[in-house]
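Protein chains in written order, with the UniProt record's numbering: chain A, 1 to 200; chain B, 1 to 200.
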């Protein structure tokens, strides 16, 4: 029987391998065999951790959520236009690490749309994200930097839409969407919504 | 040997079944077995049409592209702000038919990100779409309804981003994103970019 330390280390190896497969092939390419190959282990060993494909997908989702939550905590706690900008930049594929994360989430949308429990989870993630964006938007409205009559929730949906649609285009054409262009597009988006204020 | 007419009719049945499976389960859930069940046919019959999973995916993609191109042709040929608005509304899940189409394309992103040939095809689709949007944007710029110094290609990328990100949120929360809210968000987006003009 392996020592508990070995077991924990092995679990971490499994998680790292699951993440590598996800980042390279998405949820659609996530199989026990692919994870085993990534680890240089047998499929049999993997079935000890994941008796079913569903268990594997659930674990993959937990890793993705954990990594995303870690990232979310890096966004400045202060609110308003700068925090909104930081929160949007934070979901874009600007680095290899965030590109992998973006690719995993885009891939997860497919799996989630075909599974009621996963879809509910994704819907709740969106709600939490829009709530966080709304807080920044309300602060920007109080500061006169976003139009005050606009519904913060609707502006949050618009901002989330813009960021996620940019993620998808950038994933398919990384050379056409270098980090500086992605950042410029975010600034144009924020300037556009900000300029509505001048017309209030 | 069946008459050629039978063969064509059967091909249409197959295509309809492939579309139904795609709309319900996405590319991730597209299997010969699922299509066979949808048709009430044997998996053996299906292998006559699709000897490999890859052939099935290729056919599914052709159906999706054909249906999308038919839809694209419905957008008014005239250019400018109204055509831009129509082109954005056209990709949103506003009806059961366009919801199915949106769901299929979101699902396809996952498959395409894991396959170089499919990714190149998706990248080219995005380029063609941004070019079409750019033509409307240039006309709107000439009419003074969008900011003239802005790069039309970048505004097209921003508009495409906004629309696709809205698609994803609406697919996960159809009750929270009824058609009138989706249309209102498009109008807010266009008003925001249009109001940049006032600040030129």
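The C-beta atom is built at its ideal place from N, Cα and C for all residues, glycine as well.
This structure is a prediction, so every number in the text was calculated from the model and none was measured.
Next on the checklist: For a contact defined as C-beta to C-beta under 7 Å, what are the partners of residue 196 of chain A on chain B?
Outcome noted: 191, 192 and 195
Item to check | Three CB pairs or more closer than 8 Å across the region 129-140 of chain A and the region 40-53 of chain A | outcome: no
Checklist entry - Looking at the C-beta of residue 19 of chain B, does it have a partner C-beta in chain C at a distance below 9 Å? => result Here the protein chains are A and B, and chain C is not one of them.
Item to check | Where residue 159 of chain A falls: helix, strand or coil (DSSP) | outcome: helix
Next on the checklist: Would you call the region 112-129 of chain B in contact with the region 164-175 of chain A, where contact means no fewer than 3 C-beta pairs closer than 8 Å?
Outcome noted: yes
Next on the checklist: Measuring only the C-alpha atoms, how far is residue 70 of chain A from residue 64 of chain A?
Outcome noted: 10 Å
Checklist entry - Between the C-alpha atoms of residue 187 of chain A and residue 168 of chain A, what's the straight-line distance to the nearest angstrom? => result 18 Å
Checklist entry - What residues in the region 113-133 of chain A have a beta carbon less than 7 Å from any beta carbon of chain B? => result 113, 114, 119, 122, 123 and 126
Next on the checklist: Is there a Cβ of chain A sitting closer than 9 Å to that of residue 172 of chain B, yes or no?
Outcome noted: yes
Next on the checklist: Looking at chain B, is there any beta carbon in it that lies within less than 9 Å of the beta carbon of residue 15 of chain A?
Outcome noted: no
Checklist entry - Cα-Cα, which of B:43, B:121 and B:191 is closest to residue 144 of chain B? => result B:191
Item to check | Residues near residue 166 of chain B by beta carbon distance below 7 Å, same chain, minus five either side | outcome: 92, 182 and 185
Next on the checklist: Which residue wins for smallest C-alpha separation from residue 115 of chain A, given the options B:79, B:103 and B:17?
Outcome noted: B:103
Next on the checklist: If you reduce the DSSP assignment to three classes, tell me which class residue 191 of chain B lands in.
Outcome noted: helix
Next on the checklist: At the level of alpha carbons, what is the spacing between residue 164 of chain B and residue 193 of chain A?
Outcome noted: 18 Å
Next on the checklist: Taking 6 Å as the limit between beta carbons, can you name the residues of its chain near residue 99 of chain A, skipping five residues before and five after?
Outcome noted: 93
Checklist entry - Which whole-angstrom value is the C-beta distance of residue 30 of chain A and residue 60 of chain A, which I expect to be below 8 Å? => result 6 Å
Checklist entry - Taking C-alpha atoms, which residue in A:89, A:18, A:146 and A:131 lies nearest to residue 179 of chain A? => result A:89
Checklist entry - List, in order along the chain, the chain A residues whose C-beta lies closer than 8 Å to that of residue 185 of chain B? => result 154, 157, 158 and 161
Checklist entry - For chain A, is any of its Cβ atoms less than 9 Å away from the one on residue 24 of chain B? => result yes
Next on the checklist: Which runs of the alpha helix (DSSP H) at least 4 residues long sit entirely within the region 73-156 of chain B? Give them in chain order.
Outcome noted: 81-91, 96-113 and 116-142
Item to check | Below-9 Å beta-carbon distance, residue 141 of chain B vs any chain A residue | outcome: no
Checklist entry - Taking buried to mean at least 16 other C-beta atoms within 10 Å of its own C-beta, is residue 79 of chain A buried or exposed? => result buried
Checklist entry - With 16 as the cutoff for other CB atoms within 10 Å, does residue 40 of chain A come out buried or exposed? => result exposed
Next on the checklist: Rounded to whole angstroms, what is the Cα-Cα separation between residue 14 of chain B and residue 35 of chain B?
Outcome noted: 8 Å
Checklist entry - Between the beta-carbon of residue 110 of chain A and the beta-carbon of residue 19 of chain B, is there less than 9 Å? => result no
Next on the checklist: Run through chain A and tell me which residues come within less than 7 Å of residue 103 of chain B, C-beta to C-beta.
Outcome noted: 113
Checklist entry - Who are the neighbours of residue 166 of chain A on chain B, taking C-beta pairs under 7 Å? => result 161
Item to check | Members of the region 36-67 of chain A near chain B, C-beta cut-off 9 Å | outcome: none
Checklist entry - What residues from chain A crowd round residue 106 of chain B, counting only those whose CB sits closer than 8 Å? => result 109, 110 and 113
Checklist entry - Quick one: what's got a C-beta closer than 8 Å to residue 42 of chain A's C-beta in the same chain, skipping five residues either side? => result 36
Checklist entry - Cβ of residue 188 of chain A versus every heavy atom of the ligand MN: is any distance shorter than 8 Å? => result Annotation note on the ligand MN: not contained in the displayed structure, which lists no ligands.
Checklist entry - What whole-angstrom Cβ distance do residue 197 of chain A and residue 146 of chain A have, given they're in contact under 8 Å? => result 6 Å
Item to check | Supposed contact pair residue 133 of chain A and residue 161 of chain A - C-beta distance, whole angstroms, cut 8 Å | outcome: At roughly 11 Å, the Cβ-Cβ gap does not stay under 8 Å, so residue 161 of chain A and residue 133 of chain A are not in contact.
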